[in-house]
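The sequence shown begins at 1 in full-length UniProt numbering and counts up by one.
To keep things clear, I will list the structure first and then write my remarks on it.
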Amino acid sequence: MTSLTSSIGGTAPSFGYHPDCDRIDAALSRGNFTRALVLDGPIRDLVSRVAECRLIWQPGVELPEGLYWFQGIDEGALILQVVAGASPGDAMVTPVDELNDGHPLMAAWGWAEQLWPNAVPVPHPLFNINEAAVTHPRNDDVVIRDRKFLSNQWSYTVIIDGHQQNVVESSLNPRPQLDDPRTWVTADPTPARRFGATLTRAKLQGKFANTLFSFRATRTTFRPYQFKPVIKLLQSGKARLLIADEVGLGKTIEAGLIWTELEARREADRVLVVCPASLVGKWTEEMEDRFEFELTELDSDGLRNFLARHRQNRLPGRQAYVCSLERLRTWGGLDELDDLPPEFDLIIVDEAHSMRNQDTKSYTLGTRLAEWADSLVFLTATPINLRQEDLLNLLELLAPEDFGDIRDLELRLEPNRIINAVAARLVEKGVKGSELLAQLNKLTTTVLGGALMRRPDFELLAGLLAKDDLTPRDIVDAKRYLADLNTLSTVITRTKKVEVDDRKAKRTLDREEVTWVQAELDFYEEYLRWCRDRAAEMGMPLHFAMQMPLRLASACLPMARRAVLDPQAFGDISDADSDESAGRLEPHPELVAAALRLPENVDTKFDVLRGVLGMLHGQDRQALVFTHSRPTLAYLMQRLDSDFRVSVMHGGVSREQRHRIMADFRSGAYDFVLANRVASEGLDFEFCSAVVNYDLPWNPMEIEQRIGRIDRIGQKEETILVVNFVNEATIDERILSRLLDRIGIFESSIGALEPIIAAVAPKVLEAGFDFTLTPAQREQKLHEALTAIEEQRAGLQDLTDASSALLVSNDVDVAGLEDDLIRTGRYIGQHELAHLLDDWARVDGAAGIHFAGDRRTAELRGNPAMAARVDELARSAQRTRAETSAIAMQLRDETPISLVLDQELARTGGGMLLTATSPLAMAAAAVPGHRQARFASLRLAATSEDVVPGVYVVVMAKAVAASRGGDEIWGAAVTETGRDAGDGPVNALLAALAEGKLVDGPWRAIDRLDKLAERALNQLHRRHSYEQTKRDHEFRALQDARAITLQSQHQRRIQAIDNRIATAISRGRGSRSIALFQSQKRRAQERFARLSAELQNDVQPEIRLEPLAACVIDVTSSMEHL
């Protein structure tokens, strides 16, 4: 032993001992150690903290248990760790120069040096804690949680499929690293199914803005225009939208598609739907039936529970709610939520025009919802009532940073008028591009025009219009560029019926007059007298107090007779699907006598119905027969059942049973279905060609809703028949028939008149039942009301014409959308997902997918390993246990899971439609990247003119932040000679992938394949450079426009404050008032400075390119492929 010539770390060399053998830092804190010897214990981290580490078991030495260190020795400082030994002693530290040969630490050091040569050297471990690896030879994915060296090699504690296990080092391999396309193509091709799964996983995980996740992913009929809001969302990258479609075009479905798109992108965990109370049930059923979204209603108890859980920060991570507008805007808990607002990924507000007036509780609620929501969608057919401020108020709720006052809106409308005028002239025959360009250059006269003209889209548009003769393709492209330049296009989308309904069925009215026999007339008159007397006793208006008895008599006299003769058996005269009730009848003797004089088998109205239905049956027309009440439905079902194949739907029929009836009706199992309003809401009966209104509802808009069940896009008949039963002997039907005839409800949709009708109809009915007036006075009241409707209709048309310049229409080009999506494969197909599940099953050792003969359905049989991946979705809060438990159980039990792979079959027949939002798809997408196939040799059929037969090398890549909407999937293709092959081969690849038609191609060696892959990669790099430059220009132009708006807002605000100060001074107001205005001015200037700085510091995202896969494609002709 020799002494050190200098101190170590400021401390003199020493020998020491600590009774806790795990206190390694007690030694290491004293300096550097080159050696470590461990007796009778495993080694963990010590090996990485000294130059050399050794281990010996059962050394035959009884040293006290603990940690020893020896510094200042020629062989190098040494740590001795005795894990199992004699009882530990007291800690001690002795400087080297104070040691003598009899010191116990000298003895310990002697033993350490003697044992060192015979100890086993410990190699450094190949894997670190928390590192991912794969087992050998099973190739299971593991994550390392602990490690220790015991004898010959390291042992690792790992997590496999959620379970903790121990694996020795020789049974582990590093997780493979991902290379680039030039390396991938030098390996052997992988099977097409594996390669397809790689691309599908990339699409699901990448959430690409140029891929439509909601296409064919719901139980709805495809309508291209209904995808306009979704496409707007993907183009702009934000969901703050006003959907202002005309009535009857399916705004609810458009909202559901947005929800579906966001759900597939993992951006819709918390959702709130706010709608009028009358639509809560409709939203609940339609979201579940069409989109498989379950809404929980926030009624009084629900709101109370919501607030309590919010206070405790215990709201579910995934939950969707629906609440009535009327309840939420008056809820007492709103003020408390102002301090700590709840967070929603998506809020949908139906009938949002109720928020367009700033002086209402609805508008105040709107300001709160805007703060709660990440994505906010307003639905209304009438965003403008009488003034531009109506639209401004809605836009201010959606995008308060862009719309501060009416002048902000006017600034944006100035260029819109020019843009819309040019768009309107585009379709004129013989229009010259140069004329349109000259008109477009008038943008220079507007405040925001200069910034618009600096955008790349304007440069492209100007290039198109520079020539006189425009091709159809030029016109399509020009319309798209104009829509993108529209200054309201990011927040408003609007579709008119005239734009999409090119073959709308014509409505034909068949008015069936019912003329009662005398006994029926006598009974009705006595019944009406009883209703009048009863209302008078109650001190209430007749039409209000006795609505249900009056409507029952008009609809079905035999059921009114039954209620009189046997009130106990009949029960309350009410509609279980309605809120109104008039209680149980207590007939007087004269009414009972009139009922007895009316024979039970006399029903003139039903006799007419039987004839009408016989006529429809002879014409092979399926029809819906509507009445408002359940008693009438029961009566008609009983009497028609022997003559026709009929079924009945009302609120008491379960949703599942309704779906079965719908499927049977659609397949032709029924001639007619009897229904009321509640049962038919949200259902499509476009396969029917007739509606029979057995009675006329007191709300005229319900007639429109009834007809709208069959008068839908998809209706095959050129003419639909509307049969109305009218009995002039009944007061309500006499009034309603004249009202409905006057507004033209049977000839065309009258959705825009809804506010007018809602206000007038109750007054008309009230006057008709006001027996304090003479018959002449009642007739005069009716005439005045009908005249008022005509006057307001004219004013409404003027308003519609004037608002056309304000609202964006034709803002997204959806012509040929379905064909284009199928041609380019820019969606997630059901068969594509089925192949992904099959790949996942094979990776995890399960049986996989079995397709039915028609390939419209399939079965998946899993195993416990697959169940563990589904369970992980719940553990990681990506899905709830309720969403995953049943599926995980089926996988674990290896029970077949039935899947529907056809959207139309799911819509008409039910079943689990396989979509990107399914827990199965999410779990399949989570298979680690190193298990994915990066190179394949494929064979495809040329299904479009975009690609000609031949051999191509294709490279696919993920372009991060490629557009305002987010990431995109890009591809490039070259021929065997290295020439650019255009988009055709890439589109063909993605189209075959989406349809599940990727197949292996014959593999043959291609000269310089790595060079061809590099050329395709270089094309992607060139596109990368071009798109980055384009995005930079667009970013600067948008920043300029925002700066102009901000400056304009600030100048107007300062000018207004200066005017107030000048007025105060001129009127001799006190210094306190002037100081108040000056304080306002100072805050305005500070706000302007802050917003200007934020705008200046806003950074344009950089596009980054990440290669995904490469392949060789042998494209054959369609006939050759067959």
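We put the CB at the ideal spot given by N, CA and C, even for glycine.
Because the structure is a prediction, the values reported are computed rather than measured.
Quiz item: residue 1131 and Arg934: beta carbons closer than 9 angstroms?
Solution: In the structure as shown, the chain begins at 1 and stops at 1122. Residue 1131 is therefore absent and cannot be evaluated.
Quiz item: Who pairs with Ser362 in a beta bridge, going by DSSP?
Solution: None; Ser362 has no bridge partner.
Self-check item: Buried/exposed call for Glu704, threshold 16 Cβ in 10 Å
Solution: Burial check for Glu704: the Cβ neighbour count within 10 Å reaches 16 or more, so the residue is buried.
Quiz prompt | Residues of its chain near Asp1040, where Cβ-Cβ distance is below 8 angstroms and the 5 sequence neighbours each way are ignored | solution = Cβ neighbours of Asp1040 beyond the five flanking positions: Gly450, Ala451 and Arg454.
Exercise. Determine, using beta carbons only, whether Gln226 and Gly248 come nearer to each other than 9 angstroms.
Key: No; because the gap between Cβ atoms is not below 9 angstroms, this pair is not in contact.
Quiz item: Thinking just about the alpha-carbon of each residue, which of Glu410, Thr367, Ala108 and Ile418 is nearest to the one in Leu398?
Solution: Ranked by Cα distance from Leu398, the options Glu410, Thr367, Ala108 and Ile418 are led by Thr367.
Quiz item: Is Ala941 near Val948, with beta carbons less than 9 angstroms apart?
Solution: The beta carbons of Ala941 and Val948 sit no closer together than 9 angstroms.
Quiz item: Going by DSSP, what residues sit across from Arg54 in a beta bridge?
Solution: Partner(s): Leu37 and Pro121.
Exercise. Can you say whether Asn152 is buried or exposed, counting buried as having 16 or more other CB atoms within 10 angstroms of its CB?
Key: In this structure Asn152 is exposed. Its beta-carbon is surrounded by fewer than 16 other beta-carbon atoms within 10 angstroms.
Quiz prompt | According to DSSP, residues forming a beta bridge with Tyr68 | solution = Looking at the DSSP assignment, Tyr68 forms a beta bridge with Tyr17 and Leu80.
Quiz item: If we ignore side chains and look at the alpha-carbon of each, how far apart do Glu733 and Trp331 end up?
Solution: Whole-angstrom Cα-Cα distance: 39 angstroms.
Exercise. Could you work out which residue in Asp1007, Ala1089 and Ala961 is closest to Thr186 when comparing CA atoms only?
Key: Measuring from the Cα of Thr186, the nearest candidate turns out to be Asp1007.
Quiz item: Does the separation of the CB atoms of Leu39 and Val93 fall below 9 angstroms?
Solution: At least 9 angstroms separates the beta-carbon of Leu39 from that of Val93.
Quiz item: Taking the alpha carbon of Cys323 as the point to measure from, which residue in Pro276, Leu436 and Tyr68 has its own alpha carbon closest?
Solution: Of the listed residues, the one whose Cα sits closest to Cys323 is Pro276.
Self-check item: Cβ separation of Leu596 and Ala675, assumed to be a contact under 8 angstroms, to the nearest whole Å
Solution: That belief does not hold up - the Cβ atoms of Leu596 and Ala675 are roughly 33 angstroms apart, past 8 angstroms.
Quiz item: Using the rule of at least 16 other Cβ atoms within 10 Å of the residue's Cβ for burial, across every protein chain shown, is Asp893 buried or exposed?
Solution: Classification of Asp893: exposed, given that the 10 Å Cβ count is below 16.
Quiz item: Quick check: the segment 94-103 against the segment 140-159, are there 3 or more CB pairs under 8 angstroms?
Solution: Taking a cut-off of 8 angstroms for Cβ pairs, the segment 94-103 and the segment 140-159 do not touch, as fewer than three such pairs fall below it.
Exercise. Would you list the one or two residues that DSSP bridges to Glu859?
Key: Beta-bridge pairing links Glu859 to His850 and Ser898.
Practice problem: Would you identify the three-state DSSP class for Asp390, choosing helix, strand or coil? | Solution: Asp390 sits in a helix when the DSSP states are folded into three classes.
Practice problem: Would you tell me roughly how many angstroms separate the C-alpha atoms of Lys1081 and Leu279, rounded to the nearest one? | Solution: If you take the alpha carbons of Lys1081 and Leu279, they lie about 46 angstroms apart.
Quiz item: Relative to the C-alpha of Arg658, which residue among Phe672, Ser642 and Leu683 is closest?
Solution: If we check each option's Cα against that of Arg658, Leu683 comes out closest.
Self-check item: Complete beta strand (DSSP E) runs within the segment 602-684 (minimum length 3 residues, chain order)
Solution: Inside the segment 602-684, DSSP marks whole beta strand (DSSP E) runs of 3 or more residues at positions 623-626, 646-649 and 672-675, from first to last along the chain.
Quiz item: Cα separation between Glu113 and Tyr156?
Solution: Rounded to the nearest angstrom, the gap between the Cα atoms of Glu113 and Tyr156 is 30 angstroms.
Exercise. Below 8 angstroms CB to CB, which residues in the same chain sit around Leu46 once its five sequence neighbours on both sides are set aside?
Key: Within the same chain, Leu46 has close Cβ partners Ile24, Ala36, Val38, Cys53, Ile79 and Gln81.
Quiz item: Below 9 angstroms between beta carbons: does that hold for Ile492 and Leu337?
Solution: Their beta carbons are not under 9 angstroms apart, which means Ile492 does not touch Leu337 by this criterion.
Quiz item: Which residue from Arg314, Asp641 and Asn486 puts its Cα closest to that of Arg417?
Solution: Comparing Cα positions, the closest option is Asn486.
Exercise. Would you mind stating whether Arg193 and His628 have Cβ atoms separated by less than 9 angstroms?
Key: Not in contact: Arg193 and His628 (Cβ atoms no closer than 9 angstroms).
Exercise. Determine the contact status of Glu526 and Leu591, defining contact as a CB-CB distance below 9 angstroms.
Key: The criterion of a C-beta distance shorter than 9 angstroms is satisfied by Glu526 and Leu591.
Quiz item: Over what stretch of residues does the beta strand (DSSP E) that includes Thr508 continue unbroken?
Solution: Taken as a continuous stretch (DSSP letters only), the beta strand (DSSP E) holding Thr508 covers Lys506 to Glu513.
Quiz item: Ends of the alpha helix (DSSP H) at Pro181?
Solution: Counting along the chain, the unbroken alpha helix (DSSP H) around Pro181 starts and ends at Pro181 to Trp184.
Quiz prompt | Opening and closing residue of the alpha helix (DSSP H) in which Asn173 lies | solution = Unbroken run through Asn173 is the beta strand (DSSP E), Leu172 to Pro174; no alpha helix (DSSP H).
Exercise. Closer than 8 angstroms by C-beta to Ala466: which residues in its own chain qualify, once you throw out the five before and the five after it? Chain order, please.
Key: Around Ala466: Gly433, Ser434 and Leu437.
Quiz item: Straight-line CA distance for Gln1051 to Trp372?
Solution: Rounded to the nearest whole angstrom, the CA to CA distance from Gln1051 to Trp372 is 30 angstroms.
Quiz prompt | Helix, strand or coil at Val345 [DSSP, three-state] | solution = Rather than Val, the amino acid found at residue 345 in this sequence is Asp. Strand.
Exercise. Measure the C-alpha to C-alpha separation of Pro224 and Gly816 and round it to an integer number of angstroms.
Key: Near 8 angstroms, if we compare the C-alpha coordinates of Gly816 and Pro224.
Self-check item: Exposed unless 16 or more other CB atoms sit within 10 angstroms - verdict on Ile750
Solution: Per-residue confidence for Ile750 stands at a pLDDT of 45, beneath the threshold of 50, marking its modelled position as unreliable; no derived number is given.
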